[in-house]
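Here's the structure, in structure tokens; my notes come after.
In mature numbering (1 follows the signal peptide of the UniProt record, and there is no 0), the protein residues as written are -29 to -1, 1 to 659.
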């Protein structure tokens, strides 16, 4: 009790000091922002760049050539190599109508330790401005150029790009060339887990493409030190009359940048009718029907002039400081209240409470609720959510091990029996391809499980873009290794114990990936122990995900062969990139579509198009045919898990290989019933 009180007082003191320092800092580091319209107070502007009347950030204009301008977010951001970041912005270029020259333009997104490169009077961060190429620059740049040969390039510290390509976007595995002379959306993302930087382009108003344009693998920990960084844009002109604009900008650290509200972004001005006439002012989006006011062009400042945003007035400063003080007092009061409540209940929480609903389990540890609150910082970092509950990231205080803590939802069809089954089953299992269970907790009717933390999430996050903000397509070698990992884990469940374990919930969202992309089978809430040689295990009333369920499960007959069926559906999902519970093509679910394609001698047409044909054909045929063999209608016609492992390792006889080339005797079942395809108009492709 005394140690807890001392610890809480220390935490309070640290928080008070932090809040005080936060108040006296004039500029605090921001972690995210969204600009659907700019104003001069948001930015620090160099050269002749400016914010237009309707909220456009204009970096270059018609008046000047051989010039470089830049604009940076007014507050610095805090970056280091262990933090992911994401940004999206829309750029546009307006040319003089009389000119067709496409040379001499670059616009760049920049992250730098200061707003001007040392020794560079032009404040340039585009490629020709980063000339020293030394590691102490700590400059990261993504450049988009319209110089004769349009390009998109990534620069790190140097004037030599580390990656470069033509501007394009990718939709359904096909690329479409883009012109930098029209408004474009750009996404720049860095994932600190896989150490990859991705750049993606798309036309204005188009959805984000399936795959990035550029992927560069490099750990940026040596580039982004533990200090504040300035982020913004730099642009250059040469001898051509063009204006470069940024229409909107969103940035976030540690998460995906919020999407821009494209319909309300400021409009680009029309091109000038002749080089000698003044540029018309931008039309205000608030009054699209009224003509724009007549404005005289203001003389451009010299390139060396620096325009700073107006300083807040004394009254504004007073309001800001007063708000911060009041907010700090409220936060402090809440912390005191929480601390008193915590200390008052600490003793009660640490006393073991007998749980009549749960039998004692000697293989795993029983945690107190307060231990899990401390490990997860009061359940502050959510990393997953499903029908059975919510998952939080945590660190065990004594071992410093990273863990995932699942709070089983009270209204989920996953009650105390399933909770007990998961503890009984997983507590006895020890295998490199199964998720390790550290322990469990029951607190006031709340059920919790403590697993190993899997930093790369689940397989479905990599197969389907909507589930992963930093989506990246699996390469075939990774997919094939994942299949073998899951097969080895399933073999251990079926054959490696005194009693066999039926998992009963094999699917891509329950296959988790560690820091080396090794696969582990998890979520044993529906698992059931039964004696070897038994035909089936008692049925459960829990409904699982369609597409993975064997036909006999509709009659409540789970067995090791129902696991084999679900594993077969998982094989087809990995190979085709399509989820088994949705229509795949031609009005067919995944299993029937692949089966129909095999009958037509076109089974390779079902391979995932996002692989671009880059796979080992023998392995792809093996996985597709083995998936169909596992998904046969009759359980006795399916291979055992032992035979599956032999197939995947290449250790099978010729007679066994011939079994892969036979088609299931069951007829193909089209969606809606029947054995004939639906009429035209029902053959849409559905992808998650």
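Note that the Cβ used here is the ideal one computed from N, Cα and C, for glycine as well.
Note that the coordinates shown come from a computational prediction; the quantities given were computed from them, not determined experimentally.
Exercise. Mind pulling the beta strand (DSSP E) runs of 3 or more residues that sit fully within the region 6 to 57?
Worked result: 14 to 17, 28 to 31, 39 to 44, 48 to 50
For this session: Inspect the CB distances between the region 161 to 168 and the region 39 to 49 and report whether three or more fall short of 8 Å.
Result: Touching, no.
Problem set entry | Assigned exposure category for residue 545 - 16 Cβ within 10 Å defines buried | On the chain shown, residue 545 is found 574 positions in, with the first residue counted as 1. It counts as buried.
Exercise. In angstroms, rounded to a whole number, what distance separates the CA positions of residue 620 and residue 590?
Worked result: In the chain shown, counting from the first residue as 1, residue 620 sits at position 649. In the chain shown, counting from the first residue as 1, residue 590 sits at position 619. Those two C-alpha atoms are separated by around 11 Å.
Exercise. Where do the N-terminal and C-terminal ends of the beta strand (DSSP E) with residue 217 fall, by residue?
Worked result: Position 246 of the chain shown, counted from the first residue, corresponds to residue 217. Counting along the chain, the beta strand (DSSP E) containing residue 217 begins and ends at 213 to 224.
For this session: With a threshold of 16 other CB atoms inside 10 Å of the CB of residue 486, please say whether the residue is buried or exposed.
Result: Here residue 486 refers to the residue found at position 515 when the chain shown is read from its first residue. By the neighbour-count rule (16 or more Cβ atoms within 10 Å), residue 486 is not buried but exposed.
For this session: Tell me whether residue 3 sits in a helix, a strand or coil according to DSSP, three-state version.
Result: The residue labelled residue 3 in the question sits at position 32 within the chain shown. DSSP places residue 3 in strand when its eight states are reduced to three.
For this session: Give a yes or no on whether the C-beta atoms belonging to residue 217 and residue 30 are separated by under 8 Å.
Result: By one-based count along the chain shown, residue 217 stands at place 246. By one-based count along the chain shown, residue 30 stands at place 59. Cβ atoms of residue 217 and residue 30: closer than 8 Å.
Exercise. Grouping DSSP H, G and I as helix and E and B as strand, with all else coil, what is residue 465?
Worked result: For this step, residue 465 is matched to residue 494 along the chain shown. Residue state, collapsed to three classes: helix.
Problem set entry | Extent of the continuous alpha helix (DSSP H) to which residue 544 belongs | For the purposes of this step, residue 544 is taken as residue 573 along the chain shown, with counting starting at 1. Start and end: 531 to 547.
For this session: Identify, in the order they occur along the chain, each residue of the same chain with its Cβ nearer than 6 Å to the Cβ of residue 226, setting aside the five sequence neighbours on each side.
Result: In the chain shown, counting from the first residue as 1, residue 226 sits at position 255. Taken in chain order, the list of residues that qualify is empty.
Exercise. Could you check where the beta strand (DSSP E) with residue 419 kicks off and where it finishes?
Worked result: Position 448 of the chain shown, counting from 1, holds the residue named residue 419. Unbroken beta strand (DSSP E) run through residue 419: 417 to 423.
For this session: Give me the Cα-Cα distance between residue 592 and residue 42, rounded to the nearest whole angstrom.
Result: To locate residue 592, count along the chain shown from 1; it is residue 621. To locate residue 42, count along the chain shown from 1; it is residue 71. Rounded to the nearest angstrom, the two C-alpha atoms are 54 Å apart.
For this session: Indicate whether residue 182 and residue 156 have their beta-carbon atoms separated by less than 8 Å.
Result: Residue numbering aside, residue 182 sits at position 211 when the chain shown is read from its first letter. Residue numbering aside, residue 156 sits at position 185 when the chain shown is read from its first letter. No. Outside cutoff.
For this session: Could you work out which residue in 56, 184, 170 is closest to residue 191 when comparing CA atoms only?
Result: Position 220 of the chain shown, counted from the start, is the residue given in the question as residue 191. Checked all of 56, 184, 170; the closest Cα to residue 191 is 56.
Problem set entry | Candidates 122, 167, 170, 111, of which the one nearest residue 194 by Cα | Stepping through the chain shown from its first residue, residue 194 is reached at position 223. The shortest Cα separation from residue 194 among 122, 167, 170, 111 belongs to 111.
Problem set entry | 8 Å contact criterion, which residue 533 and residue 465 should meet: CB distance rounded | Mapped onto the chain shown, residue 533 falls at position 562. Mapped onto the chain shown, residue 465 falls at position 494. In fact, because the Cβ distance is near 11 Å, the residues do not count as touching under 8 Å.
For this session: Return yes when the Cβ of residue 228 is within less than 8 Å of the Cβ of residue 222, no when it is not.
Result: Looking up residue 222 in the chain shown gives position 251. Looking up residue 228 in the chain shown gives position 257. Contact flag set, yes.
For this session: Answer with buried or exposed for residue 150, where buried requires no fewer than 16 other C-beta atoms within 10 angstroms of its C-beta.
Result: Residue 150 sits at position 179 when you count from the first residue of the chain shown. Flag for residue 150 reads exposed.
Problem set entry | For residue 200 and residue 65, the rounded distance between their alpha carbons | Along the chain shown, read from residue 1 onward, the residue named residue 65 stands at position 94. Along the chain shown, read from residue 1 onward, the residue named residue 200 stands at position 229. Approximately 30 Å between the Cα atoms of the pair.
Problem set entry | Identity of the residue in 196, 214, 582, 235 nearest residue 176 by Cα | Here the question's residue 176 lines up with position 205 in the chain shown. It is 235.
For this session: Output the distance between the C-alpha atoms of residue 239 and residue 40, rounded to the nearest integer angstrom.
Result: As a working mapping, residue 239 is identified with position 268 in the chain shown. As a working mapping, residue 40 is identified with position 69 in the chain shown. Residue 239 and residue 40: Cα-Cα distance of roughly 19 Å.
Exercise. Given a threshold of 16 other Cβ atoms within 10 Å of its Cβ, counted over all protein chains shown, does residue 492 qualify as buried or as exposed?
Worked result: Residue 492 sits at position 521 when you count from the first residue of the chain shown. That one is buried.
Problem set entry | Coarse secondary structure for residue 399, derived from DSSP in three states | On the chain shown, residue 399 is found 428 positions in, with the first residue counted as 1. Here residue 399 sits in coil by DSSP.
For this session: With a 10 Å radius around its C-beta and 16 neighbouring C-beta atoms as the bar for buried, classify residue 305 as buried or exposed.
Result: Taking the first residue of the chain shown as position 1, residue 305 is located at position 334. Exposed is the call here.
Problem set entry | Chain-order list of residues whose beta-carbon lies under 6 Å from that of residue 168 (same chain, five-residue window excluded) | To locate residue 168, count along the chain shown from 1; it is residue 197. Taken in chain order, the residues that qualify are 161, 187.
Exercise. From residue 562 to residue 535, what does the alpha carbon distance come to, in whole angstroms?
Worked result: Here the question's residue 562 lines up with position 591 in the chain shown. Here the question's residue 535 lines up with position 564 in the chain shown. One C-alpha to the other measures close to 14 Å.
Exercise. Is the distance from the Cβ of residue 109 to the Cβ of residue 27 below 8 Å?
Worked result: Sequence index remark: in the chain shown, residue 109 carries index 138 (1-based). Sequence index remark: in the chain shown, residue 27 carries index 56 (1-based). Taking 8 Å as the Cβ cut-off, residue 109 and residue 27 do not qualify as a contacting pair.
Problem set entry | Rounded distance between the beta-carbons of residue 60 and residue 219, thought under 8 Å | Here the question's residue 219 lines up with position 248 in the chain shown. Here the question's residue 60 lines up with position 89 in the chain shown. Yes, residue 219 and residue 60 are in contact; Cβ-Cβ is about 6 Å, under 8 Å.
For this session: Give the straight-line distance between the Cα atoms of residue 113 and residue 427, rounded to the nearest whole angstrom.
Result: Position 142 of the chain shown, counting from 1, holds the residue named residue 113. Position 456 of the chain shown, counting from 1, holds the residue named residue 427. Taking the straight line from one Cα to the other gives about 26 Å.
Problem set entry | Which listed residue (526, 429, 435, 622) has its alpha carbon closest to that of residue 484 | Taking the chain shown and counting its residues from 1, one reaches residue 484 at position 513. Nearest of 526, 429, 435, 622 to residue 484, Cα basis: 429.
Problem set entry | Cβ-Cβ distance between residue 422 and residue 374 below 8 Å | Indexing the chain shown from 1 puts residue 422 at position 451. Indexing the chain shown from 1 puts residue 374 at position 403. Their beta carbons are under 8 Å apart, which means residue 422 touches residue 374 by this criterion.
Exercise. Which partner residues of residue 162 appear in the DSSP bridge assignment?
Worked result: Translated into the one-based positions of the chain shown, residue 162 becomes position 191. Per DSSP, 167.
Exercise. What are the start and end residues of the alpha helix (DSSP H) that includes residue 590?
Worked result: To locate residue 590, count along the chain shown from 1; it is residue 619. Taken as a continuous stretch (DSSP letters only), the alpha helix (DSSP H) holding residue 590 covers 588 to 601.
Exercise. Out of curiosity, what's the CA-to-CA distance linking residue 600 and residue 537?
Worked result: As a working mapping, residue 600 is identified with position 629 in the chain shown. As a working mapping, residue 537 is identified with position 566 in the chain shown. Roughly 12 Å separates the two Cα atoms.
Exercise. Looking at residue 616 and residue 490, is the spacing between their C-beta atoms short of 8 Å?
Worked result: On the chain shown, position 519 is the one that residue 490 refers to. On the chain shown, position 645 is the one that residue 616 refers to. No; because the gap between Cβ atoms is not below 8 Å, this pair is not in contact.
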